[in-house]
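Novice: Please find one structure pasted underneath; my questions will follow.
2 protein chains.
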Amino acid sequence: MSKFGMYAKFTAKPGERDALSAILLESAAAAEVVAECELYIINHAETEPDVLWVTEVWSSREAHAASLALDATRAAIGRAMPLIAGVESTKIQPVGGKGLTFSNGI
Amino acid sequence: MSKFGMYAKFTAKPGERDALSAILLESAAAAEVVAECELYIINHAETEPDVLWVTEVWSSREAHAASLALDATRAAIGRAMPLIAGVESTKIQPVGGKGLTFSNGI
């Protein structure tokens, strides 16, 4: 089964980055007990003050899709939406490296 | 000390993505013994067949800079360069989340 990854770029409305960051950190904390969520890191952009990036890795595309359907996720999205000016995402397939476990032993 | 992160987008010359991926996976394997390298994941782009993304997290900006000066890194870059059509990077500051350890306990 292939892992599924995403770089999600959130542009906050002016002055709302830290409030949005707090919601995303809550979602990350909730994901601690979700085995299928392997990585959920909140990052500040280095050069764009209103931008947050979330680095996500899930055990499969289906696990990610299932997470979006959870009540807790939908509630978090509902709270975050008023703070967000825009979202873009880059979908990726992790194939190996340091920091995660890959079934091919890499 | 703040972590330092980067999304590095490598566009391979046509047909060279897998050869480039192999070099990057070797670099990731070499990083297994480098404590300051917390994440070094090679990813295939979902929609662009010549594109690889590398997700990197280092314990500090200085640790990342030091890694670039190592003979092994320079040798890998030398082997990779002929395979690469372009590189872009997005520098980020990881602030919390699941999958890494943050000194603020998040």
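Protein sequence lines, in the order shown, are assigned to chains A and B.
Take the first sequence: its letter number 5 is residue 5 in full-length UniProt numbering, and every next letter is one higher.
Take the second sequence: its letter number 86 is residue 86 in full-length UniProt numbering, and every next letter is one higher.
Where is the CB? At the ideal position from N, CA and C, for every residue including glycine.
Please read all numbers here as calculations on a predicted model, not as lab measurements.
1. B/Thr89 by DSSP, collapsed to three states: which one?
2. Looking at A/Met6 and A/His44, is the spacing between their C-beta atoms short of 9 Å?
3. Of the residues A/Ile42, A/Gly99, A/Ser60, which one's Cα is nearest the Cα of A/Phe10?
4. Skipping 5 residues on each side, what residues in its chain have a beta carbon closer than 7 Å to that of A/Trp58?
5. Do you know how far the Cα of B/Glu16 is from the Cα of A/Ile77?
6. Would DSSP call B/Ala80 helix, strand or coil?
7. What do you get for B/Gly96, buried or exposed, if any count of 16 or more other CB atoms within 10 angstroms of its CB means buried?
8. Skipping 5 residues on each side, what residues in its chain have a beta carbon closer than 8 Å to that of B/Leu20?
9. Could you pull the start and end residues of the beta strand (DSSP E) that B/Ala29 belongs to?
10. Name the chain A residues whose beta carbon is nearer than 7 Å to that of B/Val87?
11. So, does the CB of A/Lys13 fall closer than 9 Å to a CB anywhere in chain B?
12. Find out if the Cβ-Cβ distance for the pair A/Thr47, B/Lys91 is shorter than 9 Å.
13. If you draw a straight line from the alpha carbon of B/Ala8 to that of B/Tyr40, how long is it in whole angstroms?
14. Expressed to the nearest angstrom, what Euclidean distance is found between the alpha-carbon atoms of B/Lys98 and B/Arg74?
15. Tell me which residue opens and which closes the alpha helix (DSSP H) that A/Ala65 is part of.
16. Use the C-beta contact count for B/Leu100: other C-beta atoms within 10 angstroms, 16 or more gives buried, fewer gives exposed.
17. Using 9 Å as the threshold, is the C-beta distance between A/Ser27 and A/Ala72 below it?
18. Go to B/Thr1, then tell me how far its beta strand (DSSP E) extends in each direction, as first and last residue.
Specialist: According to the structure data:
1. Here the sequence assigns Ser to residue 89 of chain B, which means Thr is not the residue at that position. Strand, per DSSP.
2. It is not a contact, given that the beta carbons lie outside the stated cut-off.
3. Per the Cα distances, A/Ile42.
4. Closer than 7 Å at Cβ, skipping near neighbours: Lys3, Phe4, Glu36, Cys37, Glu38, His64.
5. Each residue's alpha carbon lies about 40 Å from the other.
6. Residue state, collapsed to three classes: helix.
7. The residue is buried, with at least 16 neighbouring Cβ atoms inside 10 Å.
8. Contacts found: Phe10, Ala12, Leu52, Ala80, Leu83, Ile84.
9. Under the DSSP assignment, B/Ala29 falls outside any beta strand (DSSP E), being part of the alpha helix (DSSP H) whose first and last residues are 17-30.
10. In chain order: nothing, as chain A lies at least about 16 Å away.
11. Taking Cβ atoms only, chain B never reaches closer than 9 Å to A/Lys13, which makes this a no.
12. One thing to note: A/Thr47 has its Cβ within 9 Å of the Cβ of B/Lys91.
13. B/Ala8 and B/Tyr40 have their C-alpha atoms spaced approximately 10 Å apart.
14. When rounded, the distance between both Cα atoms is 32 Å.
15. Here the alpha helix (DSSP H) through A/Ala65 covers 61-68.
16. It is buried - the Cβ of B/Leu100 has at least 16 other Cβ atoms within 10 Å.
17. Remark: C-beta atoms of A/Ser27 and A/Ala72 approach each other more closely than 9 Å.
18. In the sequence as displayed, the identity of residue 1 of chain B is Met instead of Thr. Here B/Met1 belongs to no beta strand (DSSP E), and DSSP marks it neither H nor E.
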